[in-house]
Each structure stands twice: as structure tokens, then as C-alpha cells.
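Just so we're aligned, residue 693 is where the sequence shown starts under my numbering, counting upward by one.
Beta carbons: idealized from backbone N, C-alpha and C, even for Gly.
The structure presented is a predicted model; accordingly, all values stated were derived computationally and were not measured.
Please read the structure below before turning to the comments.
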Amino acid sequence: MSVNRPAAVVVLAAGEGTRMKSATPKVLHAICGRSLVGHVVAASRELSPEHLVVVVGHAREQVTAHLAEIDAEVCTAVQHEQNGTGHAVRMGLEQLTDSTDSGVALDGTVVVVCGDTPLLTGETLGRLSETHATEGNAVTVLTAEVPDATGYGRIVRDGASGAVTAIVEHKDATDAQRAIREINSGVFAFDAQLLIDALGKVRTDNSQGEEYLTDVLGILREAGHRVGACVAGDHREIVGINNRVQLAEARRLLNDRLLTRAMLDGVTVVDPATTWVDATVTFEPDAVVHPGTQLLGATHLAAHAQVGPNSRLTDTTVGEGATASFTVAEGAEIGAAASVGPYAYLRPGTRLGAKAKAGTYVEMKNARIGEGTKVPHLSYVGDATIGEYTNIGAASVFVNYDGVNKHHTTIGSHCRTGADNMLVAPVTIGDGAYTAAGSVITKDVPPGSLAVARGQQRNIEGWVARKRPGSAAARAAESAREEAAGEG
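Next up, the structure:
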């Protein structure tokens, strides 16, 4: 256990976020595969806190349900009325102390973060906690030096000690203070007991009638305690999201960060500007991502796998040396050295074996395809198991749905099905069997057999001349007959 492990992290996520103009609570808007609050929770977990509490308010049932899905160990506290950040933290701490064993007090460091700061990293929170412990501060403010500090609270420091003497809001700052580029992020590390005591002294005699968390800093300074600061390495980490423009900007920044990390780890990203990945995507060295590709969810690319261009893979595993171009895949597994696309759709439950192929305009769903088996083009394979080194003819359809139930088709190894086959499930084709082109297979085919299931061809001479007299087809047919007669 780290000596700087916080006693608790409190995430403030009670606000409505009216500027998002959305029925979705602000903290549930997503970028790069996680909600805003999901990113903050993930970063907070990197500190291994003893307790993690999220303070909810607006749409609390929806937010609480989401939190239970992404982190079952998160504790939630309710801020029934939006009475300020100090009040929100107090609600969070009261929830924690009420939920602990009788007589056990919260002791150590409490880190407070905002639920709408998805770019904040666990590394930065770790440095904040480390600085707080090393300097022996009562409170440590995470700050950032920004190019333009307009609208932000300025950090005023003691020239000799570097301690924070005040946080001055922009509207209240002097010209000299407005020249300061170091700003307050709204993220803090507190001594737990001092924080609990100071929160009880926060007053509401301000224009908003609210309990401000920043007032705690003044209370602690007046009591003789030191207020310190930790400067974030990248000022963009502290950016909060208040509208859709900022949401898009944060998505771009986070995506760039994820791609940079992947490239430094040995992944080739041909065009980062048109490549989008979720935070949960993983890679092995020498994977290649071509332009116009989206990698989402729990997607994993093994070494030497190549995906794209213009592909979207969700919760999909791509094996070593496999390729997927112009492909949409969801919940699929693509085996080593397998080939997918162009213009293929792999739906959930699809499992392609090593060296298998799902080719052009092929759709698969809940299908297990054996090693070396090929479905080259223009086919639908649903609810099926196909063995090894089988070839499925062009324009084949696995007829798996009878209008009520789905049925399964089984095809063995080393089979050859003809083009334009309808395979009506449930049906089994044995190892080494063949089916003729144009067949509708409704009965099981024994191993090594040839199945032919089509009507006899019948030619009706002169039909066009009788039924379509004077048409272009009739003239062409007549010309062909005359030419044939002349040659005879």
C-alpha cells in the first residue's frame, strides 16, 4: 500500500449542467468510451483510496445506476439541494463517516475532484497527494499555468515560502493579480480532520447563499495552517466540460493522448487525425491502424494486425497478423492471419479461426468459422458452425430464422458449397461434402456426398417472339437466328 494512499476521494457530480442543453445529465455524456464521471472515477482509482464517494444530485437515480455499472465499489452521497461545493463535500464526508464502523473516524488525506474533468489523470492526482504529504500541508490546491487566465480564480502566493495566501476570483482581482497566470483547478487535497472541522465553519453570507469549498482555505490559513499548491504539468488536464463545444474539444485532446501513447508503445497509426479510439482499447507492438478507423470498447489488436481503412470495431479481438479493411465488427473474434473485408459486417458472436476469410459484402452473426475456411463474397452466415478449410460459394444465405425461432446450421470440414445456395436451418452438411450451385438445402447431407436441390431447366422456344413481339429482345433474337441460319 502506498504511504500516500488517500483516506477518501470525493467526486463532485451533483450539478445539472444546463449549458449542455441535454436530457442526459452532464456527467454522463461520453468521450472515448467512458462517461465524463467515468473518466474521473478511473483516474481516482489509480490512487487506491480507502473510500471513493461520488456526490450526486441532479438525475441522481440515473447517475447512481451508471456508477453501479462501471464501479460496483463506489459509494454515492446525495446532495438534495445544490447549496455549493462546500456543502457537496460535507454531504460526501457525512455519507462516508455514517457508513463506517461505529467510532471509526475518517483520518488521512481527502482528495476532492470535479466529475466533469475527464482529462485529469491518475498521475497528476498522485503528484497532488504526494506534494500534500511531503509538504505537510493542511490543504494543497491543484493549480495550472494557463495562456489566458480570464475568468479563472488566480492563485496568490507568498513570495518567500511559496505558500498559497489567497484564491482571488477574476471579477475581484486587481490589475496585478489579473496578470497572474496560475489558476485554481477546483481540485484539492485536504487533511481529513481539518477539512471536516473547517466545513462546519463555512458561512453562506455571500451573493449565492452557498457554502463555498474555497472558503475552507481561508479558514485553515487563519488558524495558522499551511496552504500549498501543486502545479499540473499540462494545463489542459484541469479543463471542465460545460457545453458541447468543450465536450468535442476534450474528446479531441483525449483521443490525441491515447493515440500518442499507443504510437510510443509501438503501434503505427497512419493518420491520427482520422483515427478514434476508446480509453479501453488495447494494442500490441507493430499493430497498424489505417485512416478513417474507430476502435471502440474492449477492442484489442495483436501484433502485426492491420485494421482499416474506414473500419469500426467494437469489443472485437483481432489476432496476430490478421487484417480487417472497410469492416464493421461488434463483439467478434478475428483469428490470427485471418482476413476480413472489404465491406464486411461481423455481428456479435462471430468467431473467425486462424487464416479464415470473411470477404467482400459478407455478413456474419453468431457464427464459428474454422481455421482456413473461406466465405469469400456476397453471403450471409448466421447461427452457424463451419469446420476447417471449407469454402462457401458466392451469394450463399444461411436461412436461420423461421419467423419465430432461430435455428443452427452445421457444416463440416473440407466442404465445398456451391454458389447461390440457400441453407435452410436446422441442417447439417457432413465433412467433405459438396452442394451444387443454385441448390436449396433443406435436408442433412452425409459426409462425402453431393447434394443437388434445384428444379430441372426447361427451355420454351419462341417465347419472346410470341409474348414480346416487336421488342428489342425479339429483334435481337431474330437477328441471331438469321445469323445462325446464314452460317449453316
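Just list the residues that DSSP pairs residue i with in beta bridges.
{"i": "residue 704", "result": "747 and 806"}
{"i": "residue 1083", "result": "1066 and 1108"}
{"i": "residue 1031", "result": "1015 and 1049"}
{"i": "residue 922", "result": "834"}
{"i": "residue 728", "result": "Looking at the DSSP assignment, residue 728 forms no beta bridge with any residue, so it has no partner."}
{"i": "residue 1006", "result": "988 and 1022"}
{"i": "residue 1152", "result": "None, per the DSSP bridge assignment."}
{"i": "residue 874", "result": "837"}
{"i": "residue 998", "result": "980 and 1015"}
{"i": "residue 1093", "result": "1098"}
{"i": "residue 961", "result": "981"}
{"i": "residue 1059", "result": "1076"}
{"i": "residue 930", "result": "Per DSSP, none; premise fails for residue 930."}
{"i": "residue 798", "result": "None; residue 798 has no bridge partner."}
{"i": "residue 788", "result": "Residue 788 is not bridged to any residue."}
Between which two residues does the alpha helix (DSSP H) carrying residue i extend?
{"i": "residue 648", "result": "An answer regarding residue 648 cannot be provided, because it is not within the stretch 693 to 1180 covered by the chain."}
{"i": "residue 955", "result": "936-956"}
{"i": "residue 1119", "result": "Counting along the chain, residue 1119 falls outside any alpha helix (DSSP H), though it belongs to the beta strand (DSSP E) covering 1119-1121."}
{"i": "residue 889", "result": "884-891"}
{"i": "residue 1170", "result": "1164-1179"}
{"i": "residue 826", "result": "814-827"}
{"i": "residue 760", "result": "752-762"}
{"i": "residue 908", "result": "907-914"}
Exposed or buried, what is residue i when buried is set at 16 or more other beta-carbons lying within 10 Å of its beta-carbon?
{"i": "residue 1096", "result": "exposed"}
{"i": "residue 871", "result": "exposed"}
{"i": "residue 1158", "result": "exposed"}
{"i": "residue 1153", "result": "exposed"}
{"i": "residue 1168", "result": "exposed"}
{"i": "residue 710", "result": "exposed"}
{"i": "residue 821", "result": "buried"}
{"i": "residue 884", "result": "buried"}
{"i": "residue 1142", "result": "exposed"}
{"i": "residue 712", "result": "buried"}
{"i": "residue 796", "result": "The predicted position of residue 796 is uncertain, since its pLDDT is 48 and thus under 50; no value can be drawn from it."}
{"i": "residue 1173", "result": "exposed"}
{"i": "residue 794", "result": "With a pLDDT of 43 at residue 794, under the threshold of 50, the predicted position of this residue should be treated as unreliable, and no value is reported."}
{"i": "residue 715", "result": "exposed"}
{"i": "residue 694", "result": "The predicted model places residue 694 with a pLDDT of 47, which falls under 50 and marks its position as unreliable, so this point remains unresolved."}
{"i": "residue 907", "result": "buried"}
{"i": "residue 699", "result": "buried"}
{"i": "residue 810", "result": "buried"}
{"i": "residue 772", "result": "exposed"}
{"i": "residue 752", "result": "buried"}
{"i": "residue 760", "result": "exposed"}
Name the residue from the options whose alpha carbon lies nearest to the alpha carbon of residue i.
{"i": "residue 775", "options": "702, 983, 732 and 903", "result": "903"}
{"i": "residue 1146", "options": "1137, 1129 and 945", "result": "1129"}
{"i": "residue 982", "options": "748, 879 and 1019", "result": "1019"}
{"i": "residue 1039", "options": "786, 1030 and 1006", "result": "1006"}
{"i": "residue 955", "options": "972, 979 and 988", "result": "979"}
{"i": "residue 1108", "options": "874, 1084, 1175 and 1098", "result": "1084"}
{"i": "residue 861", "options": "855, 853 and 842", "result": "842"}
{"i": "residue 826", "options": "1113, 961 and 696", "result": "696"}
{"i": "residue 708", "options": "1163, 807, 797 and 1008", "result": "807"}
{"i": "residue 859", "options": "1062, 919, 1100 and 1031", "result": "919"}
{"i": "residue 717", "options": "758, 742, 743 and 745", "result": "758"}
{"i": "residue 703", "options": "761, 752, 742 and 803", "result": "803"}
{"i": "residue 785", "options": "1098, 1041 and 891", "result": "891"}
{"i": "residue 923", "options": "907, 966, 812 and 943", "result": "812"}
{"i": "residue 1009", "options": "993, 1017, 1015 and 1016", "result": "993"}
{"i": "residue 1022", "options": "995, 1035, 1052 and 989", "result": "989"}
{"i": "residue 741", "options": "1035, 788 and 944", "result": "788"}
{"i": "residue 915", "options": "933, 977, 886 and 745", "result": "886"}
Hey, could you find the ends of the beta strand (DSSP E) residue i is sitting in?
{"i": "residue 666", "result": "Look at the range of the chain in this structure, 693 to 1180, and you will see that residue 666 is not part of it."}
{"i": "residue 1103", "result": "1101-1103"}
{"i": "residue 849", "result": "846-849"}
{"i": "residue 859", "result": "856-860"}
{"i": "residue 904", "result": "That residue, residue 904, is in no beta strand (DSSP E); it is neither H nor E in DSSP."}
{"i": "residue 640", "result": "Outside the displayed range of the chain (693 to 1180) lies residue 640, so it cannot be described from this structure."}
{"i": "residue 699", "result": "Segment: none, residue 699 is in no beta strand (DSSP E) and carries neither H nor E."}
{"i": "residue 770", "result": "767-770"}
{"i": "residue 1036", "result": "1036-1038"}
Within 7 Å (strictly less), CB to CB, does residue i reach chain C?
{"i": "residue 844", "result": "No chain C is part of this structure, which consists of one protein chain only."}
Stretch pair the segment 971-985 + the segment 998-1005: three plus CB contacts closer than 8 Å = yes
Report yes or no: do three or more beta-carbon pairs, one from the segment 725-736 and one from the segment 836-851, lie closer than 8 Å?
-> no
Is the segment 869-884 in contact with the segment 822-834, if contact means three or more CB pairs nearer than 8 Å?
-> yes
Pair every Cβ in the segment 1014-1033 with every Cβ in the segment 1041-1061, then say whether three or more of these pairs are closer than 8 Å.
-> yes
Sufficient close CB pairs (3 or more, under 8 Å) joining the segment 953-968 to the segment 933-941 | no
Between the segment 807-827 and the segment 887-897, do at least 3 Cβ pairs fall closer than 8 Å?
-> no
Three or more C-beta pairs closer than 8 Å, one from the segment 1048-1063 and one from the segment 1072-1083: is that the case here?
-> yes
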